[in-house]
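Student: Sequence lines, in order, name chains C and B. Each number in the numbering used here corresponds to the 1-based position in the first sequence with 444 added. Each number in the numbering used here corresponds to the 1-based position in the second sequence with 23 added. Every residue, glycine too, gets a C-beta built ideally from N, C-alpha and C.
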Amino acid sequence: MSLEGFEVAVVGAGPAGSAAALTLAREGVQVLLVERGTFPGSKNVFGGRIYSYALKRLLGERWKDAPVERFVRKEGITFMTADSSFSVEYESKDPTGSFTSIRSKFDKWLAEEAEKAGASLITDSRVDDLVLERGIVKGIIAGPDKIPTDVVIACDGTTTNLARKAGLASMLEPREVSIGMKDVIELPADKMEERLGLEPEEGAAHVFVGECSGGLRGGGFLYTNKDSLALGMVVGADDISTKKVPSHTLMDRLRNHRKVRRLIRGGKTIEYDAHMIPEAGPKMLTRPYTGGMLVAGDAAGHLLNNGYTFRGVDMAIVSGIAAAQTILEARKRKDYSAQSLQTYARRLREEPALKDMYTFSKVPRYLRNNRLYNVYPELVCNAAEAIYRVDGNRKRKIYKELRTQTKGKVSTISLIRDLLAGARTF
Amino acid sequence: MSEKQEDMSLDKRLALVSFNKDPEPFIVVDTNLCQQCEKKPCLYICPAQVYTWQDQLNYNTEGCMETGACLIVCHKIGAKAISWKYPSGGKGVSFRLG
C-alpha cells in the first residue's frame with residue numbers, strides 16, 4: 445500500500461479511531477487507520493459492556509450487525525465483607541440498551557465497517573512520533589515510514605504517546621489511573637443462566653464493592669458473555685503502589701468470596717487480561733486539539749466511571765464521531781490550524797452523551813474517599829445482619845440499629861458529609 | 024454438587040495469554056536507581072509481575088501486558104528508573120477475549 449495521499453491519519457483502530465475513520469471515509473475523505481496490534485482489538489481489554497446508542501448513532505440500523513455476546517437484562521451491585529454480602533439487583537424491562545462483547549471481535553468488526561466505507565487499515569504498525577513543522581502536526585512516523593497528512597486523530601489509548609509528543613499532556617499521576625484485570629471463565633450457557641437467573645441469551649452486569657479490593661479504592665465486576673463470564677477487578681494505581689498489594693492477588697480475593705465462588709464453580713479460566721484505565725476525565729489533557737491534530741477516546745480521557753456505570757466504548761465512539769465532524773468542517777475551510785480545530789472542544793461540551801463527563805466531573809474525587817471501600821460495605825452488611833437476625837435477644841428498631849453499627853467506624857460528621865457530598869456529586 | 028473449584032495462580036494465568044516476543048527491548052530499567060528506591064511500586068502495580076526483587080530489580084518483558092502503569096508509578100512514586108514504550112508493531116501481547 446502506498447502511504448502517500450492520505451488527508452487524515454487516525455492512530456489506533458479502537459472504537460474511537462474506527463468511528464472517526466468511518467465517519468470521514470463515508471464523506472469521501474482519504475483516511476489511513478493505523479493499528480499496532482496484528483488486528484484491531486488484539487491489544488484492547490475492557491470490562492465487558494457497550495451502550496448501544498453510540499453504535500446506533502454511528503451506523504443506524506446496521507448497528508445490529510455488531511458482535512453481541514448478550515444484551516444486559518440485569519444490573520446488580522454487591523457490598524461484601526469477608527463472610528457476608530448484601531446485593532441489590534435491578535431487572536430492566538428493555539435489555540437492548542447495552543450488550544456485552546469481546547474486543548477482539550467488536551473492534552475488528554468496527555474497523556472492517558470503516559474499511560467498507562473506504563478507510564485504509566494498516567496493522568502491525570506502531571506510530572512512534574509525529575511529523576511536526578513549527579509546532580503544527582503534519583503527519584505521523586511509523587517505524588521507517590514518514591506519512592504526511594493534513595491532520596491526525598490520536599486515538600492511541602490511555603498512555604497517549606502522541607498527545608504527549610504534541611505537548612497536550614504530561615505524564616498522568618498514579619491517582620488518575622486504575623489498573624484493570626480480568627479472568628475470562630468458560631461456563632456452559634445454561635448453567636450461567638440458571639445461576640444468575642437469566643432467560644436464555646440474556647445477560648447480566650454486576651459490581652462488587654468491599655472485601656474484594658481489600659479496602660483499596662476499586663471494586664470487582666462481572667459480565668456475562670455467551671458461554672463465559674468476564675470477572676475482574678479495577679483498582680487505583682496509587683493505592684496499589686503505596687499499600688503494597690500485588691494487583692493480581694485481588695483477583696483471587698474476588699474469586700474466593702463465597703458469593704463469587706458459587707457463580708464460577710466448575711468454570712474453566714481461558715484467558716487473563718489487563719489494561720490501564722484513565723480516571724481523570726477530559727482534564728487529563730490541557731486541550732484535546734492542537735494545530736493539525738485532535739485527540740479522542742481514552743487518550744483524551746473520554747470515559748466515565750461514576751461508581752455504578754462504567755462507560756468507555758460509547759464515549760469513545762461519540763468522541764470519534766465528533767473529531768471526524770470537526771475535521772469535515774475544517775476541511776471545507778482548508779484550515780487545520782489550532783484555531784480552526786478548536787470547535788472540537790465546543791462539540792465535546794455540547795454533545796449530550798459526552799456532557800455526562802462534565803455533569804459527573806466531581807465523581808473521581810468523591811470516589812477517592814476510601815471509606816467507600818473499607819467502611820461502608822461492612823456497615824451495610826452488618827446492618828443487614830442485625831436487621832434480619834432473630835436470636836431471641838432484644839431487637840432494636842432499624843434506625844437505632846444503624847446508629848449502633850456506625851459507632852467507632854465513622855463519625856457522624858463524616859457520615860453526613862459523605863452523604864451530602866454524594867447527593868451533590870451523583 | 025461436587026464441581027471442583029479451580030485453583031488459579033499468576034503463572035497459570037499468564038500461560039493463558041499469547042505473546043509474540045519483541046526482539047527489541049521495549050522496557051529498559053536502570054536497575055542501579057532501584058537500589059535507592061524506597062517504595063518499589065513496580066513490584067505491586069504490574070498485573071503480570073514483570074518486576075521482581077531479589078537483591079536487585081529483575082524484569083522479564085515477555086509477560087508484559089502493556090498496561091503502561093509501571094512507567095507512571097515508577098516516575099511518580101518510584102525512582103524514575105523505567106523507560107517503557109509499546110513493543111514494535113505486531114509484537115507483544117495479543118488478547119483473544121479482552
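1. Closest by CA to B/K35, which one among C/G472, C/M695, C/A830, C/N814?
2. Decide yes or no for the touch test of the region 616–627 of chain C against the region 710–719 of chain C: beta carbon pairs closer than 8 angstroms, at least 3 of them.
3. Would you identify the three-state DSSP class for C/M625, choosing helix, strand or coil?
4. Is the Cβ-Cβ distance between C/T713 and B/M31 less than 8 angstroms?
5. For the region 77–106 of chain B, enumerate the residues whose C-beta is nearer than 9 angstroms to any C-beta of chain C, in chain order.
6. So what does DSSP say about C/Q876, is it helix, strand or coil?
7. Give the residues of chain B in contact with C/S486, contact being defined as C-beta atoms less than 7 angstroms apart.
8. Using a Cβ-Cβ cutoff of less than 7 angstroms, which residues in the same chain neighbour C/V516 once the five nearest sequence positions on both sides are dropped?
9. According to DSSP, C/M677 sits in a beta bridge with which residue or residues?
10. For C/I842, is the classification buried or exposed, using 16 other Cβ atoms within 10 angstroms of its Cβ as the cut-off for buried?
11. Is it true that the CB of C/G664 sits closer than 8 angstroms to the CB of C/L698?
12. Could you please give me the residues that DSSP links to C/T649 through a beta bridge?
13. Roughly how many angstroms separate the alpha carbons of C/G662 and C/V678, rounded to a whole number?
14. Counting only beta-carbon atoms, is B/Y74 nearer than 8 angstroms to chain C?
15. Using a beta-carbon distance below 8 angstroms, is C/G458 in contact with chain B?
16. Helix, strand or coil for C/N826? Go by DSSP, reduced to three states.
17. Just checking my contact of B/W107 with B/I50 at CB under 8 angstroms: how many whole Å lie between their CB atoms?
18. Just the C-alpha distance for C/I761 and C/D568, rounded to the nearest angstrom, thanks.
19. Taking 6 angstroms as the limit between beta carbons, can you name the residues of its chain near C/L707, skipping five residues before and five after?
20. What did DSSP end up calling B/Q58 once you bin it into helix, strand or coil?
21. State buried or exposed for B/K114, treating a residue as buried only when at least 16 other CB atoms are found within 10 Å of its CB.
22. What residues from the region 699–711 of chain C come within 8 angstroms of chain B, judged by C-beta to C-beta, listed N to C?
23. Measuring CA to CA, which of C/G641, C/M524, C/T686, C/L612 is closest to C/K518?
24. In chain C, which residues lie less than 7 angstroms from B/L39 when you measure between Cβ atoms?
25. Under three-state DSSP, which class holds B/L37?
26. Using 8 angstroms as the limit for Cβ to Cβ distance, is C/F490 near chain B?
27. In chain B, which residues lie with their C-beta within 8 angstroms of the C-beta of C/S548?
28. What residues of chain C sit near B/E61, judged by a beta carbon separation below 7 angstroms?
29. For B/L33, go through chain C and note every residue whose CB falls closer than 8 angstroms to its CB, in chain order.
30. Quick check: C/I591 and C/A453, are their CB atoms within less than 8 angstroms of each other?
31. Please work out which residues of its chain come closer than 8 angstroms, Cβ to Cβ, to C/G472, disregarding the five sequence neighbours upstream and downstream, and give them in chain order.
32. Which residues of chain C have a Cβ atom closer than 7 angstroms to the Cβ of B/Q28, listed in chain order?
33. Who are the neighbours of B/C69 on chain C, taking C-beta pairs under 9 angstroms?
34. Could you give the distance in angstroms between the alpha-carbon of C/G866 and the alpha-carbon of C/S462?
35. Please identify the residue among B/D53, B/P110, B/Q59 whose C-alpha is closest to the C-alpha of B/G86.
36. In three-state DSSP terms, what is C/S805?
Tutor: Judging by the given coordinates:
1. C/M695
2. yes
3. strand
4. yes
5. M88, E89, T90, G91, A92, L94, I95, V96, H98, K99, I100, G101
6. The displayed coordinates of chain C run from 445 to 870. Any statement about residue 876 of chain C would go beyond what the structure contains.
7. S117, F118
8. R493, P539, S542, F543, T544, G647, A648, A649
9. C/M625, C/G664
10. exposed
11. yes
12. In the sequence on display, residue 649 of chain C carries Ala and not Thr. DSSP output for C/A649 lists C/E519, C/Y667 as bridge partner(s).
13. 5 angstroms
14. no
15. no
16. helix
17. 5 angstroms
18. 22 angstroms
19. R639
20. helix
21. buried
22. R699, R705, I708, R709, G710, G711
23. C/G641
24. T713, I714, E715, Y716
25. helix
26. yes
27. F118, R119, L120, G121
28. Those do not exist, as B/E61 stays about 11 angstroms from chain C at its closest Cβ, beyond 7 angstroms.
29. H692
30. yes
31. G562
32. R705, R709
33. I623, P690, S691, H692, A718
34. 36 angstroms
35. B/P110
36. coil
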